[in-house]
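Q: If you want our numbering, it's the 1-based position in the sequence shown plus 20.
We put the beta carbon where it would ideally sit given N, CA and C, even for glycine.
Treat the numbers as computed from the prediction; the structure is a model and nothing was measured.
Below you will find the structure I want to go over with you.
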Amino acid sequence: MSLDKLPVEWSVTGLESLSEFIIGGDWGKDLSFADESYIDAFCIRGSEFKNWKTDKGKTAVPRKLKISSLNTRRLKVGDILVEISGGGPDQPVGRTVYIEELVFNNLDSEDIVCTNFLRLFRPISSINAKYLNFYLSFFYKTPEIVNYQSGSNNLRNLQFKDYLKLEIPMAPLAEQQEIVRQLDMMLAQVEQIKARLDVIPAILKKFRQSVLASYFPENPISSEYVICTLKDICTSISDGDHQAPPKAKTGIPFLVISDVSKEEVDLESASRFVPQSYYDSLKDIRKPNKGDILYTVTGSFGIPIPLKKEEDFCFQRHIAILKLNKLQVEQQYLYYLLKSEFVYQQADKTATGTAQKTVALSSLRNFTVHIPSLAEQSKIMKSIQGLFDYADSIEEIIQSAQKRVNSLTQSILAKAFSGELTAEWRQQHQELITGINSAESLLAKIQAEREASKPAKKTRKNKEV
């Protein structure tokens, strides 16, 4: 955001000039550490930032802190914590949180510090600290934040000295307070909308399961259904090769469970390959064809993947392959049936193991299924698909709404720090933002206070001759 077109009553200053106190955090010692110079305290980590809006530091870790360190670093209401190390490939470092009274209430303690992966930034008392944190949060979401990053993708560091030179748009103090008041109200409304939208995907998931449960109950009423096992309606049920396949840089894609977790096969994203000769040596019951269904049997078991295209690939032994008797069952009908809670419960009950549960092929082959005539299967498939399409259309609307709402916060903050949000307020309250109440006067006062707080320089006495 350009700071060239701010309201005439505003000014611009460097972040460091707004600080009263800046210091790194302290991770302290484990609670078992015994030393009279150490006492119990809570330590806020970068991992607390993710759910800060709801938790407000509830998950801070109890540690032992040296008393002298705690006295220096003890947090106060109005402090801002800046993340200086962490992040990742999709998350720049530089997030901030504002310390409010609720943080101390949640932990029932006044003895709280931040870790050494964070910086404690204590704003000068002449400004509204929450206003400053709102701007830092806004800046973090702009593309410019990457200019303050260093380190690798897995662990990024904030170039803090450069970050302290960040230019801050300074409204007069009264307008800062009005901006904070409006932002508190508007962003709370945004969060309420987000929360309502976020629960809808789970509701739609339950709706789809309810649809499947209504068509695939444990005990169907209709006498038209034939009760049988999976092996009765399949020509074969097998899995991937149990021997580790030879590796190749290119060739035939070799899929693992993570490649099919979204219930579809995407060969373009495959990261493993085997030679053509290996693929050719596989038995036909292990070679996938259009019309087959894959079914995960280890770890994330119970995921069916209908094969809609004729493509050459192979897969690990943690994935089963069902080749259907097309005279008895339609692929889409069996796919829906395998997705139902009725079948999943059979998988869950028969899965064995501790670290990674596995559904044995012998168990899978004996899963109970209810199969009506092909004509009835076709009717059921159309009914389910119609209801699923309806749910999908709602989901698309919700996803679109979520994207708009997610960008709404940044849009509101941009209006706040360009002066647009409070344009009408400024017209009505000129006496609060001009003259001695202007931002220029505020910055002059801050500068004077900082100069006055500097320790006096010692003068050297001349030696007597």
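By a C-beta neighbour count over all protein chains shown, 10 Å radius and 16 as the cutoff for buried, is A264 buried or exposed?
A: Exposed: under 16 other Cβ atoms inside 10 Å.
Q: Ends of the beta strand (DSSP E) at Y315?
A: Here the beta strand (DSSP E) through Y315 covers 313-316.
Q: Using the Cβ count rule (16 or more neighbours within 10 Å means buried), how would you classify T162?
A: T162 comes out exposed.
Q: Just reading off the alpha helix (DSSP H) that N426 is part of, what are its end residues?
A: Taken as a continuous stretch (DSSP letters only), the alpha helix (DSSP H) holding N426 covers 394-438.
Q: Please list the terminal residues of the continuous alpha helix (DSSP H) segment that includes P221.
A: Start and end: 220-235.
Q: Could you tell me the boundaries of the beta strand (DSSP E) in which L116 lies?
A: Looking at the sequence provided, one finds Thr at residue 116 rather than Leu. Run containing T116: 116-118, per the beta strand (DSSP E) assignment.
Q: Please list the segments of the beta strand (DSSP E) lying wholly inside the segment 324-390, counting only runs of 3 or more residues, in order along the chain.
A: Counting only runs of 3 or more, we get 324-326, 339-344.
Q: With a floor of 3 residues, list each beta strand (DSSP E) that falls wholly inside the segment 34-121, ordered by position along the chain.
A: Fully enclosed beta strand (DSSP E) runs of 3 or longer: 39-44, 58-64, 81-86, 100-103, 116-118.
Q: So, does the segment 118-135 touch the segment 89-105, judging by three or more C-beta pairs under 8 Å?
A: A contact exists between the segment 118-135 and the segment 89-105.
Q: For a quick check, are the C-beta atoms of P82 and L38 less than 8 Å apart?
A: No.
Q: Excluding the 5 residues flanking A222 on each side, which residues of the same chain have their C-beta closer than 8 Å to its C-beta?
A: Nothing meets the Cβ criterion.
Q: Considering only C-alpha positions, which residue in the set Q467, G322, Q336, S291 is nearest to Y299?
A: Checking every option, the nearest Cα to that of Y299 belongs to Q336.
Q: Between the Cα of S320 and the Cα atoms of E211, P295, S281, which residue gives the shortest distance?
A: The shortest Cα separation from S320 among E211, P295, S281 belongs to S281.
Q: Return the CA-CA distance between K465 and E211, expressed in angstroms with no decimal places.
A: Whole-angstrom Cα-Cα distance: 37 Å.
Q: Check whether the segment 288-295 and the segment 314-329 are in contact - that is, three or more C-beta pairs closer than 8 Å.
A: At 8 Å Cβ cutoff, the stretches do not touch.
Q: How long is the line joining the alpha carbons of A233 and F362, rounded to whole angstroms?
A: Roughly 7 Å separates the two Cα atoms.
Q: Taking A61 as the reference, which of Q447, E471, E415, D46 has the closest Cα?
A: Per the Cα distances, D46.
Q: Does DSSP put G171 in a helix, in a strand, or in coil?
A: Three-state result, G171: strand.
Q: Apart from the five residues just before and just after E284, which ones in its own chain have a Cβ nearer than 7 Å to its Cβ?
A: Excluding positions up to five away in sequence, the list reads I325.
Q: Can you check whether the CB of I253 is closer than 8 Å to the CB of I391?
A: Taking 8 Å as the Cβ cut-off, I391 and I253 qualify as a contacting pair.
Q: Restricting to Cα atoms, I'd like to know which of I87, T318, C334, L127 is closest to R306.
A: Taking only the C-alpha atoms, the option nearest R306 is C334.
Q: With distances taken between CB atoms, is the gap from I453 to R446 smaller than 8 Å?
A: Yes.
Q: Identify which residue in S420, E350, T429, S427 has its Cα closest to the Cα of E396.
A: Among S420, E350, T429, S427, the Cα nearest to that of E396 belongs to E350.
Q: Does the distance from the CB of T116 to the CB of Y168 come in under 8 Å?
A: For T116 and Y168, no; Cβs fall outside 8 Å.
Q: Output the boundary residues of the alpha helix (DSSP H) element that contains S157.
A: Note, S157: alpha helix (DSSP H), 149-160.
Q: If we ignore side chains and look at the alpha-carbon of each, how far apart do D208 and E195 end up?
A: Before going on, a small fix: residue 208 reads as Ala here, not Asp. When rounded, the distance between both Cα atoms is 20 Å.
Q: Spell out the partners DSSP gives T442 in its beta bridges.
A: T442 pairs with nothing; no bridge assigned.
Q: By how many angstroms is the C-alpha of G107 removed from the C-alpha of L175?
A: Cα-Cα distance, rounded: 6 Å.
Q: Taking DSSP's pairing of strands, which residues face R142 in a bridge?
A: Per DSSP, F41.
Q: When DSSP builds the beta bridges, which residues end up paired with T249?
A: According to DSSP, T249 bridges with T388.
Q: Can you tell me whether DSSP reads N177 as helix, strand or coil?
A: Looking at N177 - three-state DSSP - the assignment turns out to be strand.
Q: Helix, strand or coil: which one does DSSP assign to D131?
A: Correct three-state label for D131: coil.
Q: So for A215, helix, strand or coil by DSSP?
A: In this structure, A215 counts as helix in the three-state DSSP scheme.
Q: Just curious, the beta strand (DSSP E) that E187 is in, first and last residue?
A: Segment 187-190, the beta strand (DSSP E) holding E187.
Q: Under 8 Å between the Cβ atoms of T378 and A367?
A: No. Outside cutoff.
Q: Using 10 angstroms around the beta-carbon of E68, count the other beta-carbons present and answer buried if the total reaches 16, otherwise exposed.
A: Under this definition E68 is a buried residue.
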